[in-house]
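Per the UniProt record's numbering, the very first residue in the sequence shown carries number 1; after that it's consecutive. Think of the CB as a built atom: it goes at the ideal place given N, C-alpha and C, for glycine as much as any other residue. Given the structure is predicted, the values throughout are model-derived calculations rather than measurements. Worksheet for the structure shown next.
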Amino acid sequence: MRRGSKTDNARRTRFQVNRPIRFERNWLNKESNASSRNLLVEISSQRPNRSRRRESLTRVRKTNSQDKVKLASLPREKSSWYSSRDPLPRTNLPRLKISHGIHSTAMCAPRNELAISRHRSTCCGVCTVTGLKPGNPRWQNQDSYIISEDFQRQTNQRCYGVLDGHGEIGHLVSKRCSQQLCEHFVKSQLDMSLAFRLMQEDLSQCELDIKCSGATCVFVHLHDSYLRVANIGDSRGVLGHLDGANICATPLTSDHKPDRHDEQIRIVACGGQVSCRQLVVGHSSNGPITLPLGPPRVWYRRNSSHGDTMGLAMSRSFGDAIAHGLGVSCEPEITQYNLDLADKFLICATDGVWDVIDNAQAVKIVHTLYERSNDWDPLEAAHTLCISARNRWQSLSPMIDDITALVVDLHRALACGKQGKGTEIKKPTALRRLT
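As structure tokens, this is what we get:
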């Protein structure tokens with residue numbers, strides 16, 4: 001039998017072998033009794049040495065036609081390492097921390113609790129809810145956000161944004177972008193395209209391994225009544241506009257999906273491949289019969305010649321160094337818009353919201369709270385939007401995505417910037433998209 005190794009921490013001790021044990025006939029040796037199929041593990045009741053816990057695997061012996069393996073000097077606690085998949089106690093984990101509009105967490109809350117982070121500023125509120133990934137109870141929220149309401153120390157300039165990380169260290173990528181993007185925006189002299197390229201260079205030069213990890217982003221710059229929105233990926237910005245007595249949703253961004261015609265042309269031209277996962281449902285004389293499974297993705301290998309095949313479900317992002325060599329881009333699409341008094345609020349959210357709630361529904365949810373009072377609370381609106389999305393996820397799937405929503409009260413933002421008092425705000429113009 002191969003020698004084992006011990007994994008020990010403050011909560012549990014488990015015995016690991018170098019390869020999986022298969023409880024099959026003649027597992028120990030070819031001459032073993034054919035009727036012996038079970039492996040009996042006997043736990044020693046001796047008290048372990050506190051200074052040093054050791055596990056020794058003694059030689060195999062036969063007793064009454066049953067194979068016994070004796071493990072010595074295990075902890076006196078119950079042997080839950082083989083009888084339970086989740087022996088860790090359900091403790092109250094620390095709540096999410098907020099620092100300068102950046103959210104971070106060490107782990108998610110217990111399964112029966114929601115890990116919710118909320119933040120209120122002068123003109124906006126943001127709420128983020130950690131998702132649920134079956135089989136990964138320590139899932140970390142990969143969403144982050146940006147709030148800068150005294151951008152360049154000017155009250156008439158504000159920056160907002162949300163980011164959605166993906167990959168093994170997506171939470172670190174989104175966090176770094178939320179910390180550095182405004183700084184690169186200043187360095188670029190308020191050139192959004194240049195700021196996004198500088199952010200990508202920053203990620204390439206930092207200590208993070210961004211080969212297979214990245215983040216989407218929607219970034220907003222509000223200067224007086226002039227609004228600019230830049231986005232990469234499938235995070236989205238939507239404007240709540242009052243048309244008479246009806247509230248309308250005005251999209252400020254367009255999702256960057258690999259199957260979008262212009263995006264797919266660019267990716268294929270750069271050598272990338274766009275397709276869905278295929279589910280084999282049968283076979284015919286012409287080969288297997290398959291059905292598309294999941295969204296279209298940009299496929300690549302972790303290493304150049306071998307390794308796991310990875311799929312990226314967006315065509316533009318920060319990070320994702322390997323996919324960027326196959327046509328994925330960090331170049332944002334930029335929308336500019338002159339605000340009007342009929343423009344009531346702005347919603348920026350990750351796909352945890354938009355996958356289950358469309359633009360019109362999201363605007364209606366926020367507007368319901370907006371109508372209640374002139375002194376409405378954008379934080380309450382963001383929280384209601386996130387909880388609504390969470391409830392819809394729970395009714396659809398055991399997997400729940402991270403959910404983040406940021407709501408800005410535009411009238412309050414303009415008033416804080418000394419706009420709309422004694423001067424007329426510019427009339428709205430048609431959306432102008434810069435690419």
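Can you tell me whether residue 344 is buried or exposed, with buried defined as 16 or more other CB within 10 angstroms of its CB? Residue 344 should be labelled buried.
Thinking C-alpha only, which one of 140, 129, 182 and 132 is nearest residue 152? Among 140, 129, 182 and 132, the Cα nearest to that of residue 152 belongs to 182.
Excluding sequence positions up to five away, which residues of its chain have a Cβ less than 7 Å from the Cβ of residue 294? Within the same chain, Cβ atoms closer than 7 Å to the Cβ of residue 294 are found at 276 and 277, the five residues on either side in sequence being excluded.
Where residue 149 and residue 226 are concerned, what is the direct C-alpha to C-alpha distance, given to the nearest angstrom? Rounded to the nearest angstrom, the two C-alpha atoms are 15 Å apart.
For residue 163, tell me which candidate among 331, 141 and 322 has the shortest Cα-Cα distance. Answer by Cα proximity: 141.
Mapping the DSSP letters down to three states, classify residue 53 as helix, strand or coil. Any reading at residue 53 must be qualified, since the residue scores a pLDDT of 40, below 50, and its modelled position is unreliable; no value is offered.
Please report the Cβ distance between residue 237 and residue 320, rounded to the nearest whole angstrom; I am assuming they are in contact, meaning their Cβ atoms lie under 8 Å. Actually they do not touch by this definition, with Cβ atoms about 21 Å apart.
Which class does residue 333 belong to by DSSP, given the choice of helix, strand or coil? It is a strand residue.
Quick check: the Cα distance between residue 123 and residue 271, rounded to an integer number of angstroms? Near 45 Å, if we compare the C-alpha coordinates of residue 271 and residue 123.
Suppose the cutoff is 7 Å on Cβ atoms and the five residues either side in sequence are ignored; what does the same chain contact list for residue 416 look like? Result list for residue 416: 122, 123 and 155, in chain order.
Every unbroken beta strand (DSSP E) inside the segment 361-419 [3 residues or more]: You should have 403-409.
Give the secondary structure of residue 257 by DSSP, where H, G and I count as helix, E and B as strand, and everything else as coil. Coil, per DSSP.
Since residue 352 is in the alpha helix (DSSP H), which residue starts that stretch and which ends it? For residue 352, the enclosing alpha helix (DSSP H) stretches over residues 351-354.
DSSP state of residue 245, grouped into three classes? DSSP, reduced to helix, strand and coil, places residue 245 outside both helices and strands of the structure shown, so it counts as coil.
Looking only at DSSP bridge pairs, what is residue 299 linked to? Partner(s): 273 and 311.
For the pair the segment 252-272 and the segment 368-375, tell me if three or more CB-CB distances fall below 8 Å. Below 8 Å, too few C-beta pairs join the segment 252-272 and the segment 368-375 to call them touching: fewer than three.
Below 7 Å CB to CB, which residues in the same chain sit around residue 360 once its five sequence neighbours on both sides are set aside? Answer for residue 360: 249, listed in chain order.
Quick test of the definition: if touching needs 3 or more C-beta pairs under 8 Å, does the segment 286-293 touch the segment 310-326? These segments do not touch.
In terms of residue numbering, what span does the beta strand (DSSP E) encompassing residue 222 cover? Note, residue 222: beta strand (DSSP E), 214-223.
Going by C-alpha distance, which of 221, 216 and 325 is nearest residue 351? Among 221, 216 and 325, the Cα nearest to that of residue 351 is on 216.
Is residue 127 helix, strand or coil by DSSP? Taken through DSSP and simplified to helix, strand or coil, residue 127 comes out as strand.
To the nearest angstrom, how far is it from the Cα of residue 219 to the Cα of residue 397? Their backbone Cα atoms lie some 29 Å apart in a straight line.
Are the beta-carbon atoms of residue 363 and residue 389 separated by less than 7 Å? Not a contact, by the Cβ cut-off of 7 Å.
Would you mind giving the Cβ-Cβ distance between residue 129 and residue 403, rounded to the nearest angstrom? I have them listed as a contact below 8 Å. Going by Cβ atoms, the distance from residue 129 to residue 403 rounds to 4 Å, so yes, they are a contact pair.
Mind checking residue 297: buried by the 16 CB within 10 Å criterion, or exposed? Buried: at least 16 other Cβ atoms inside 10 Å.
For residue 205, which residues in the same chain have their Cβ closer than 7 Å to its Cβ, ignoring the five residues on either side in sequence? Cβ within range, chain order: n/a, list empty.
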